[in-house]
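In the working numbering, the protein residues as written are 2 to 448. For glycine and all other residues, C-beta sits at the position ideal for the given N, C-alpha and C. These numbers were taken from a predicted model, which means no experiment stands behind them. Below is one structure, written out as structure tokens; the observations come after it.
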Amino acid sequence: MPNVEYLSSNNLHELPNIILITADGLDAQHMSAYGYSRDTTPNIQKLLKNSLVAENAFTNAGNTAGSIISIYTGKYPTDTRVLFAPDILKNQNTTEHLLSILQEVNYSSTQFSYPYYADAYDLNLRSGFNFANGRTMESTQFINFFSKYLDSNQSYFIYQIIIRLIDRLSHIFYVKDMVNLSSLAEGNSLSFNDQYKFDSAIKILEQSDKPIFIHIHCMETHGPLFYPKSANYSAHKEANQQNEYDIDFYDDSILDFDNSVGQLIEKLKMDGTFDNTILIIGSDHGQRFTTNKKLPLIIHFPNNDYSGKIISNVQNIDIGPTILDYIGISKPDWMSGHSLLKLTDKSRPIISFTIGQFNQEGDDIFASNNKPPFYQFGYINFIYCDNYYRLTFEGKKWESGTIEGHIGQCDSITDEQAYQLMVEHLEKYNFDVSTLKSYSFVNKLKE
Numbered sequence: 002m003p004n005v006e007y008l009s010s011n012n013l014h015e016l017p018n019i020i021l022i023t024a025d026g027l028d029a030q031h032m033s034a035y036g037y038s039r040d041t042t043p044n045i046q047k048l049l050k051n052s053l054v055a056e057n058a059f060t061n062a063g064n065t066a067g068s069i070i071s072i073y074t075g076k077y078p079t080d081t082r083v084l085f086a087p088d089i090l091k092n093q094n095t096t097e098h099l100l101s102i103l104q105e106v107n108y109s110s111t112q113f114s115y116p117y118y119a120d121a122y123d124l125n126l127r128s129g130f131n132f133a134n135g136r137t138m139e140s141t142q143f144i145n146f147f148s149k150y151l152d153s154n155q156s157y158f159i160y161q162i163i164i165r166l167i168d169r170l171s172h173i174f175y176v177k178d179m180v181n182l183s184s185l186a187e188g189n190s191l192s193f194n195d196q197y198k199f200d201s202a203i204k205i206l207e208q209s210d211k212p213i214f215i216h217i218h219c220m221e222t223h224g225p226l227f228y229p230k231s232a233n234y235s236a237h238k239e240a241n242q243q244n245e246y247d248i249d250f251y252d253d254s255i256l257d258f259d260n261s262v263g264q265l266i267e268k269l270k271m272d273g274t275f276d277n278t279i280l281i282i283g284s285d286h287g288q289r290f291t292t293n294k295k296l297p298l299i300i301h302f303p304n305n306d307y308s309g310k311i312i313s314n315v316q317n318i319d320i321g322p323t324i325l326d327y328i329g330i331s332k333p334d335w336m337s338g339h340s341l342l343k344l345t346d347k348s349r350p351i352i353s354f355t356i357g358q359f360n361q362e363g364d365d366i367f368a369s370n371n372k373p374p375f376y377q378f379g380y381i382n383f384i385y386c387d388n389y390y391r392l393t394f395e396g397k398k399w400e401s402g403t404i405e406g407h408i409g410q411c412d413s414i415t416d417e418q419a420y421q422l423m424v425e426h427l428e429k430y431n432f433d434v435s436t437l438k439s440y441s442f443v444n445k446l447k448e
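Written out as structure tokens, the structure is:
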């Protein structure tokens, strides 16, 4: 557990509530708040003039689990080794995260996400959320007991056996329906009740006598199929006959997301808590699991503090350090991200990863390229200035290009320089890079 030596002398009894809202697969280029021609985010757009807006924000993982864990920990996926279920946090990574620090200063925390892919308990995040998707921290306390005698893998395995048994028995006896995880991967028709998450968050805020951290991860923008509540841009189409990643249905799902955000903001203002709330709007990764598309990152601080635009490239691992900086807690050394309130290195690279491909066996979905030396890591993506560089490990494929819609001017680097920085990053986090040492190898990839 992190300890209280991180605390500064700020007045901790006036800590703000923190609400983090992430929409799955939300591209900034499909938001009117970022200049999109369709008015998909009118409520979010109203926030801009009084918020800190990152014009060039990117993910650190092309998969939800890896991205969410990077946000919580402020660490790269190469550090946590979490990209895609069944990856889990292990050893010190289970407690080195933003939530454990907030727990120390009396925050209560709640997560509304989705089982298996983004659930904090399923990903073995400990000493963090008091409540996550219908479960409480107390329900996982026995993991800490078993961890005294078993390693993190074994204690987690016992926990998962018990949870899965409870889920199946609850389903058999009509206590609670099991979630159909395979439907999400297959793109089957699923109704994600994101509005329930927002309504539940409001109730928690109303009832709590402690500062609150709430993370709402919205799934209705996930794809490849979308089922918006109202048809605006897709009014001329049949939802049950849509093609995968249909832009009209996608834009309507974004409009639904914006409506939910707008209702939450209105409720916070009516209750008088908006001015004591840090509200963060972001995304886990780009649509189709991309890592080289711009994401939204909008932060509204109490009293409209730090309003303005950030043109420098930023990343999701910066969210945790930014929160800590604002509430007066020093960033721990194990966080790789940087506070956006004190961004000094404006030319730093953005590094992200994703799995190569996945297989499915029954309800279990897992990365299929899980072999050394890079295991579940399919590629490394490197963003510098307005360019991206990607090395796919299997087949040693190299790709580079320009970031669409990038704002601002900056100095670029060569493909060879980007390649060398990739190798250095992998080596830093103890990957075997013996097959990646040769510059002549880079030339072959560029052909």
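The C-beta of N241 has fewer than 16 other C-beta atoms within 10 Å across all chains shown, which makes the residue exposed. Cβ atoms of S254 and E207 stay farther apart than 8 Å, at about 28 Å.
Taking the Cα positions, R349 is about 7 Å away from Y385. For a cut-off of 8 Å, the C-beta gap from S68 to N61 is around 6 Å, short enough to register as a contact. Distance check between I45 and each of T79, S337, F258 places F258 closest, using alpha-carbon atoms only.
Taken atom to atom, the span from the alpha-carbon of L103 to that of P333 is near 13 Å. With fewer than three CB-CB distances shorter than 8 Å, the region 289-303 does not count as touching the region 70-89. About 6 Å separates the Cβ atoms of M32 and T41, confirming a contact at the 8 Å cut-off.
Taking the C-beta atoms as reference points, T292 is found nearer than 7 Å to S353. Measuring C-alpha to C-alpha distances from S109 to each of D326, P374, I19, S401 identifies I19 as the nearest. Going by DSSP, V262 is part of the alpha helix (DSSP H) stretching over 248-272. Here V424 carries a helix assignment [DSSP, helix/strand/coil].
Pairing T355 with H301, the inter-Cα distance amounts to about 30 Å. With a 10 Å radius around the Cβ and a threshold of 16 neighbouring Cβ atoms, A236 comes out exposed.
D25 places its beta carbon less than 7 Å from that of H223. Annotation: S331 to S413 spans about 32 Å, alpha carbon to alpha carbon. Sequence-distant Cβ neighbours of L48 in its own chain, meaning closer than 7 Å and more than five residues away, are I299, H301. Under the 10 Å beta carbon count, E267 is surrounded by fewer than 16 other beta carbons and is classified as exposed. One Cα belongs to D88, the other to G406, and the distance between them is close to 33 Å. In the three-state DSSP reduction, A121 falls in the coil class, being neither helix nor strand.
Cβ-Cβ separation between F383 and L422: approximately 6 Å, consistent with a contact (criterion under 8 Å). Under the 8 Å Cβ criterion, the region 78-97 does not count as touching the region 312-325, having fewer than three qualifying pairs. Within a 10 Å sphere around the beta-carbon of P43 sit fewer than 16 other beta-carbons, which makes this residue exposed. Counting along the chain, the unbroken alpha helix (DSSP H) around A202 starts and ends at 195-208.
For K310, the enclosing beta strand (DSSP E) begins and ends at 309-311. Counting the other CB atoms within 10 Å of its CB gives P373 a total below 16, which places it among the exposed residues.
Burial is judged here by how many other beta carbons sit within 10 angstroms of a residue's own beta carbon; K198 has at least 16 and is buried. Put simply, the backbone Cα of L84 is about 15 Å away from that of Y430. For E105, the enclosing alpha helix (DSSP H) starts and ends at 99-105.
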